[in-house]
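Colleague:
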Amino acid sequence: MQQLEQDLKTALQTAARAVFGVEIPLASLALQPTRKEFAGSFTLVTFPLTKALGQGPEPIGRALGEWLQAHEPRVSGFNVVKGFLNLEIADAEWLKLFAQLQAQPAGAPVPTGGPQRVVVEYSSPNTNKPLHLGHLRNNFLGYSVAEILKATGATVTKANLVNDRGIHICKSMIAYQRFGQGETPASAGLKGDHLAGKYYVLFEKHYREEIRQLEAEGVTNEVAKKQAPLMAEAQQMLQAWEAGDEAVMALWHQMNGWVYEGFTETYATIGVDFDKFYYESGTYLLGKERVEEGLQKGVFFTKENGSVWVDLQAEGLDEKLLLRADGTSVYITQDLGTAELKYQDFGYDSSIYVIADEQNYHMQVLQATLAKLGKPYAAAIHHLSYGMVDLPSGKMKSREGTVVDADELVRDVVAAAKAATLEKGKTEGLSDAELEELYHLLGLGALKYYLLKVDPKKRMLFNPEESVALEGHTGPFIQYSYARIAAIRRKAAELGIAEAADFAALGALAPTERELVQELARYPAVVADAARNLSPAVVAQYAYDLAKAYNRFYAEVSIFQETDELKRSLRVALSARVGEQLKVTLGLLGIQVPERM
RNA sequence: GGUUGUGUAGCUCAAUUGGAUAGAGCAUCUGACUACGAAUCAGAAGGUUUAAGGUUCGACUCCUUACACGACCA
């Protein structure tokens, strides 16, 4: 379709030259899709040409339209509404376009001139508690962005930086030591990450109680928070961990091992994957080397107490602490180290961090600090900043226990999909295993689509009922369209109708057929847009538009009742192609597609 | 207090990056299964795009100010 647009622009340029004797640069001939309520497929806005051509917008539109209709075979008609020239494209041209599409598989790479070696870091969980709804948005976004970039032909590495050390981990460990009584995931009947989470919660509960007691004894809240025995123990444990204390390390390995088992299971269930795992326990020391490097280069400075800082005021930021006075690292220290390590490992020209927007400032600091260090990869860093997920009851707060657990949510959406599927009763002939797979695929399709259809950078509201909805602007709507097409293809195969033929001999197309070709041809532009903006929402919207267009087509023309053999064949071919395209497009969102549902 | 993001139909979201009468879904109402799958399709209704100015042929989009909500930095 890009080619068709280019040709039209060139033709318009020629028309302007012929009619007005004026050379119009191609760049100022912006074509846009014609709005549905008008006849035509492409629209030229003529307002911007009035100065150059010395005429009003409407005469310009008419003059250019008439010239095109007379001289350009691709243009079969036109109409002018105010400053808009709507061009109708000859059906032969649509058929040619469809033939060009057919010549390549639906999932063929879409070169965009974007980055070629990309690292997408996402998920990056803490190992002290299970994943929740917010992590799901992160995981789905990261996975999808990686797939979208792959679709542009880039080599993409999915990385997961596991936050496996620090005070929060020690909290779970202390609580386990004190209250655990040797419990294991097996003995407790809990996934490992949930078991760790249980002790994290226990820590917080008893810690609060200790603070309350201290306060009752007249200690201020601030002091009580530090003096509480549990917190003191956790701090001690962190030091012991850094010192490599054997018993502490053993417990740490044991508990993290449980958590990883739990995460692995969840990742498999929600269908995300990683090419590379980084662990902060393995990278946090590398950051200190970067700090040393900065001091040597004179771009960092030391304060009187020995703490190390970088001054980013010239960049519009503040002074930022990089290393505490006692030599222990802060968050950004390890980020400096990990960025370097990733670059060594993959030599990226784009490094994407899928991180919530509460870290916007932090990410600016990271990038500016790496730039100060003169790192060539500083400019390649992109923060895919996404908004938090709110609940109808308000914000999610782990401390107040108002988080939506990821595993539980997945169970809920699968159960809802099952209930709906049973109610429809269309799955005769599927085995129990196939049915389970179907419920899973539909439930996750609903959930993923629900979380991905919203512009990532916007905060979004999670409505439990809408997240499992199967009708309207949802994943299952699109999956249903695919299943319908699958049924069509099965029947066409039975009847021996070919999915491809030479359709050039066909005369006029039905409007819905034309619309389908146009939608199909949009795919490369959609991928390019989504890749440039790191936005799966663009892809989600396209999948919906395509499915919607197909359902319109399906309702308005008959396929197997059609007596004209070539027309019938075209409709089967269109259906097949739309099916393939839907599968590929949903695949970019991490959503699978059923043959029947 | 400083920095920053968001504000669109009753609700949840779009709007081709400055273009036409601001579009979808849900919810409400109406019509379409003796036809290839009704998890569908067609239609109705629903808007002072938070407010006020400004820029121009043209503003949800850009600029200024105010208001509301959120995040971050102390």
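Here UniProt numbering is used: the first residue of the first sequence is 1, the next is one more, and so on.
Heads up, the beta-carbon is just placed ideally off N, CA and C, and yes, glycines get one too.
Source: prediction; values computed, not measured.
SER350 lies in the beta strand (DSSP E); which residues open and close that run?
Modeller: For the purposes of this step, residue 350 is identified with residue 350 of the first sequence, where counting begins at 1. Run containing SER350: 350-356, per the beta strand (DSSP E) assignment.
Colleague: Along the chain, which unbroken stretches of the alpha helix (DSSP H) at least 4 residues long are found entirely within the region 154-213?
Modeller: Segments of the alpha helix (DSSP H) lying fully in the region 154-213: 167-179, 185-188.
Colleague: Can you grab the Cα-Cα spacing for the pair PHE477 / SER307, in whole Å?
Modeller: The residue labelled residue 477 in the question sits at position 477 within the first sequence. The residue labelled residue 307 in the question sits at position 307 within the first sequence. Distance between the alpha carbons of PHE477 and SER307 is about 57 angstroms.
Colleague: Nearest to THR585 by CA position, among GLY61, ALA108, LEU95, VAL45, is which residue?
Modeller: The count along the first sequence starts at 1 and reaches residue 585 at position 585. Checked all of GLY61, ALA108, LEU95, VAL45; the closest Cα to THR585 is ALA108.
Colleague: Determine which residues share a DSSP beta bridge with TRP309 and list them.
Modeller: Here residue 309 refers to the residue found at position 309 of the first sequence. Note: TRP309 sits in a beta bridge opposite PHE301, LEU321.
Colleague: Residues in the same chain with beta-carbon distance under 7 angstroms from PHE140, minus the five sequence neighbours each way, listed in chain order, please.
Modeller: Residue mapping note: residue 140 aligns to position 140 of the first sequence, counting from 1. These residues qualify, in order along the chain: LYS448, LEU451, LEU452, GLY590.
Colleague: Would you check if there are 3 or more beta carbon pairs closer than 8 angstroms linking the region 510-521 to the region 537-556?
Modeller: Flag = yes, the region 510-521 and the region 537-556 touch.
Colleague: Taking the alpha carbon of TRP94 as the reference point, which residue from SER76, PRO111, VAL80 has its own alpha carbon closest?
Modeller: Position 94 of the first sequence, counted from the start, is the residue given in the question as residue 94. It is SER76.
Colleague: What's the C-alpha gap between GLU499 and GLN3?
Modeller: Here residue 499 is taken as the residue at index 499 of the first sequence, counted from 1. Here residue 3 is taken as the residue at index 3 of the first sequence, counted from 1. Their backbone Cα atoms lie some 25 angstroms apart in a straight line.
Colleague: Can you list, in chain order, the residues of its chain with a C-beta nearer than 6 angstroms to that of TYR482? Leave out the 5 residues immediately preceding and following it.
Modeller: The residue given as residue 482 occupies position 482 in the first sequence. Result list for TYR482: GLY579, LEU582, VAL593, in chain order.
Colleague: Under a Cβ-count criterion, where at least 16 other Cβ atoms within 10 Å of its own Cβ denotes burial, should GLN367 be classed as buried or exposed?
Modeller: What you label residue 367 is simply residue 367 of the first sequence in a count that begins at 1. That one is buried.
Colleague: Based on the DSSP output, what are the partners of HIS382 in its beta bridges?
Modeller: Looking up residue 382 in the first sequence gives position 382. Answer by DSSP bridge pairing, in chain order: ILE352.
Colleague: Apply the 10 Å Cβ neighbour rule to HIS71 and answer buried if 16 or more other Cβ atoms are within range, or exposed otherwise.
Modeller: On the first sequence, position 71 is the one that residue 71 refers to. Classification of HIS71: exposed, given that the 10 Å Cβ count is below 16.
Colleague: Just list the residues that DSSP pairs VAL389 with in beta bridges.
Modeller: As a first step, residue 389 must be located in the first sequence, where it is residue number 389. Its beta-bridge partners are MET460.
Colleague: Quick one: which unbroken alpha helix (DSSP H) runs of 4-plus residues sit fully inside the UniProt domain "Arginyl tRNA synthetase N-terminal" (6-89)? Chain order, please.
Modeller: The UniProt domain "Arginyl tRNA synthetase N-terminal" (6-89) contains these whole alpha helix (DSSP H) runs: 50-53, 57-71.
Colleague: Take the Cβ of PRO105 as the centre, count every other Cβ of all protein chains shown within 10 Å, and call the residue buried at 16 or more, exposed below.
Modeller: As a working mapping, residue 105 is identified with position 105 in the first sequence. Exposed is the call here.
Colleague: Would you give the residue range spanned by the alpha helix (DSSP H) that VAL223 belongs to?
Modeller: On the first sequence, position 223 is the one that residue 223 refers to. First-last of the alpha helix (DSSP H) with VAL223: 221-227.
Colleague: Could you say if the region 33-53 and the region 76-90 meet the contact criterion of at least three C-beta pairs nearer than 8 angstroms?
Modeller: With the cut-off at 8 angstroms, the region 33-53 and the region 76-90 touch.
Colleague: SER281 by DSSP, collapsed to three states: which one?
Modeller: On the first sequence, residue 281 is found 281 positions in, with the first residue counted as 1. The answer is helix: DSSP assigns SER281 an H, G or I state.
Colleague: Could you check where the beta strand (DSSP E) with ARG117 kicks off and where it finishes?
Modeller: As a first step, residue 117 is located in the first sequence; it is residue number 117 there, counting from the start. Here the beta strand (DSSP E) through ARG117 covers 117-121.
Colleague: Where do the N-terminal and C-terminal ends of the alpha helix (DSSP H) with THR585 fall, by residue?
Modeller: As a working mapping, residue 585 is identified with position 585 in the first sequence. Taken as a continuous stretch (DSSP letters only), the alpha helix (DSSP H) holding THR585 covers 565-588.
Colleague: Whose C-alpha, out of VAL291, LEU286, ALA325, GLY298, is nearest the C-alpha of GLU304?
Modeller: Numbered from 1 along the first sequence, position 304 holds the residue referred to as residue 304. The shortest Cα separation from GLU304 among VAL291, LEU286, ALA325, GLY298 belongs to ALA325.
Colleague: To the nearest angstrom, report how far apart LEU295 and GLY374 are at their CA atoms.
Modeller: Along the first sequence, read from residue 1 onward, the residue named residue 295 stands at position 295. Along the first sequence, read from residue 1 onward, the residue named residue 374 stands at position 374. Cα-Cα distance, rounded: 13 angstroms.
Colleague: In three-state DSSP terms, what is SER329?
Modeller: Counting from 1 along the first sequence, the entry for residue 329 is found at position 329. In the structure shown, SER329 sits in a strand (DSSP, three-state: E or B).
Colleague: Over the uninterrupted alpha helix (DSSP H) stretch that includes VAL539, give me the two end residues.
Modeller: Locating residue 539 in the first sequence gives position 539, counting from the first residue. Residues 536-556.
Colleague: Per DSSP, LYS276 is paired with what?
Modeller: Counting from 1 along the first sequence, the entry for residue 276 is found at position 276. For LYS276, which the question treats as bridged, DSSP gives the partners ALA159.
Colleague: May I ask you to report which of helix, strand or coil DSSP gives ASP405?
Modeller: Taking the first residue of the first sequence as position 1, residue 405 is located at position 405. Strand.
Colleague: Hey, how far is the Cα of TYR343 from the Cα of ALA250?
Modeller: Walking along the first sequence from the start, residue 343 turns up at place 343. Walking along the first sequence from the start, residue 250 turns up at place 250. Using only the alpha carbons, I get a separation of about 32 angstroms.
Colleague: Quick one: using the 10 Å Cβ neighbour count with 16 as the cut-off for buried, is ARG198 buried or exposed?
Modeller: As a working note, residue 198 is residue 198 in the first sequence. Reading the sequence as shown, one finds Lys at residue 198 and not Arg. By the neighbour-count rule (16 or more Cβ atoms within 10 Å), LYS198 is buried.
Colleague: Roughly how many angstroms lie between the CA atoms of GLU515 and LYS276, to the nearest whole one?
Modeller: The count along the first sequence starts at 1 and reaches residue 515 at position 515. The count along the first sequence starts at 1 and reaches residue 276 at position 276. About 42 angstroms.
Colleague: Among residues of its own chain, excluding the 5 on either side of ALA420, which ones have a beta-carbon nearer than 7 angstroms to its beta-carbon?
Modeller: Reading the first sequence from its first residue, position 420 is the one you call residue 420. The residues are LEU470.
Colleague: Residues in its own chain within less than 6 angstroms of TYR377 by CB, not counting five upstream and five downstream?
Modeller: Your numbering for residue 377 matches position 377 in the first sequence. Excluding residues within five positions, the ones whose Cβ falls inside 6 angstroms are TYR343.
Colleague: Rounding to the nearest angstrom, what Cα-Cα distance links GLU562 and ARG568 in this structure?
Modeller: In the first sequence, counting from the first residue as 1, residue 562 sits at position 562. In the first sequence, counting from the first residue as 1, residue 568 sits at position 568. Taking the straight line from one Cα to the other gives about 6 angstroms.
Colleague: Decide if the region 229-249 is in contact with the region 401-421; the criterion is three or more beta carbon pairs, one per stretch, under 8 angstroms apart.
Modeller: Not touching, per the Cβ criterion.
Colleague: In angstroms, rounded to a whole number, what distance separates the CA positions of ALA15 and TRP67?
Modeller: If you number the first sequence from 1, residue 15 lands on position 15. If you number the first sequence from 1, residue 67 lands on position 67. Roughly 6 angstroms separates the two Cα atoms.
Colleague: Within the chosen definition, does the region 319-337 reach the region 276-286 through at least 3 CB pairs nearer than 8 angstroms?
Modeller: With the cut-off at 8 angstroms, the region 319-337 and the region 276-286 touch.
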